[in-house]
Structures are given as C-alpha cells and as structure tokens.
Amino acid sequence: MGFLDKMKSSVSGVSAQQRYASNIRKINAQIQSNEKEIERLTMQVGIQCVNLHLEEPGTEYENLFAVIRQYQSENRAAEEKIQHLREQQEEEEFARQQALQEKEEADRLARQQAQEAREATRQQAQAEKEAARMQVQAEMEAREAAHQRELEFARQQELKRQQEMQVQADAESKVCPGCGGRNDLDSMFCVHCGNPLSKEPEMAQPDQKQDD
Ligand SMILES: [Zn+2]
1 MGFLDKMKSS VSGVSAQQRY ASNIRKINAQ IQSNEKEIER LTMQVGIQCV NLHLEEPGTE
61 YENLFAVIRQ YQSENRAAEE KIQHLREQQE EEEFARQQAL QEKEEADRLA RQQAQEAREA
121 TRQQAQAEKE AARMQVQAEM EAREAAHQRE LEFARQQELK RQQEMQVQAD AESKVCPGCG
181 GRNDLDSMFC VHCGNPLSKE PEMAQPDQKQ DD
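Taking my numbering, the leading residue of the sequence shown gets 1, the next gets one more, and so forth.
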C-alpha cells in the first residue's frame, strides 16, 4: 500500500467514526424525547386513575391513595385557614375604618362645640357691654331729671320770692293811678308822671274808706 492509499484509508476511518457518533447522538435524543413523552403520559394516566379510584375501597393503590387523601385533607384545612385569615383581616380593616370615622366625627363635634362656646362667650360679652351701656345711660338720664327738678324748684323759689318782693314793695309804696309807677308813701304827686296822688296809700280798696 502506497503512502497516498494509507492516507486515504486513515481519513476514511476518521470520517466513519464521526458518522457513528452522530447517529448514536440522534438515536439517544430520540430515546430521551420518547421517555419524556412516556413520563408525561404516565402522569396523565396516574391523575386519571386517582380521579377515578381515589375514594374506591380496597384497590391495589390504597396505600398511595391514603397518603394522597391525607395531603388533600391537609390542603383543605390550609385553605380554610387562609379563608379565615382573610376574613379576620377584612374585619380588622373594617374596624379600623370604623374607628377612623368615629374619631373624625368626634373631632368634628369637638370643633363644633368649641366654636359654639366661643360664640356664646362673645354674645355674653356683648350683652354685658350693652347692659353696662344702658345702665350708664339710665344714670345719666336720672341725673339730668334730678337736675331739671332742681332747676324747676329754684325757678319756683325765685318766682315766689319776686312775688313776695312785689307784694312787699306794693305795701310800702303808693301806686300812681295814672301810670302805675311806684312812689313813696308820703308823696303828694307821682314822681313819674306828675299825677296827684291820694293822701292815703290804699284808697283804692273799698273796705278802707276814710272820707272825712
Ligand atoms: Zn304817675
């Protein structure tokens, strides 16, 4: 065998080995794919079997079924627990909202009462101020009335005094019949108009006639 033939044979050997390996890989891939499919179908068969026969007494799978039933029971209990927790959470949230609303309502009432108290205080202060003002006015009016009474009394006193002085002056003088002027008791003629005056000062009065 020449050198070139040896080379050809060697190359051909490498190429054949690569073909074997490639084929084996393809076949292995097919096997793995099939096994996955078998696993999937087996699981479906198992699920179907469990659905149909789980509650059936005395099957050959009873030991496994009992464990499955136990897990299912635990899960039902767990779901009830979750439901219970959710209800508790909702109740607490509701109570919290309720308390918040009550607090807001109480705050609102407190603000309203404080406002009303301030208003009442303001109105009372205003009423007291008005009462004080009216009292001052009443006192001023009373003082004014008393002052007017004093003035009137003094006026009456003065009038009385003038009348008394008039009476006294008339009694101490001769009144002229012509002009009404006043003259001394012993005057013979009026100093105002020259009219002759009567001898007696009260000649005009009829109960004191002295015609001799
Ligand atoms: Zn006279």
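All C-beta atoms in this analysis are idealised placements derived from N, C-alpha and C, irrespective of residue type, glycine included.
Since the model is a prediction, treat every value here as computed from it, not as a measurement.
Query, Result
"Quick check on the burial criterion: 16 or more other C-beta atoms within 10 angstroms. Buried or exposed for K174?", "buried"
"What beta strand (DSSP E) runs, 3 residues minimum, are completely inside the segment 41-90?", "none"
"With DSSP as the reference, label V191 as helix, strand or coil.", "coil"
"If we count the other Cβ atoms within 10 Å of its Cβ and call it buried at 16 or more, is C176 buried or exposed?", "buried"
"Ligand 1 heavy atoms versus the CB of H147: any closer than 7 Å?", "no"
"How should L190 be labelled, buried or exposed, when 16 other C-beta atoms within 10 angstroms of its C-beta is the threshold for buried?", "Position check: residue 190 holds Cys in this sequence, whereas Leu was assumed. Its Cβ being crowded by 16 or more others within 10 Å, C190 is buried."
"Quick one: residues in its chain with C-beta nearer than 6 Å to the C-beta of S198, no 5 flanking neighbours on either side, listed in chain order?", "none"
"Which whole-angstrom value is the C-beta distance of N195 and G178, which I expect to be below 8 Å?", "4 Å"
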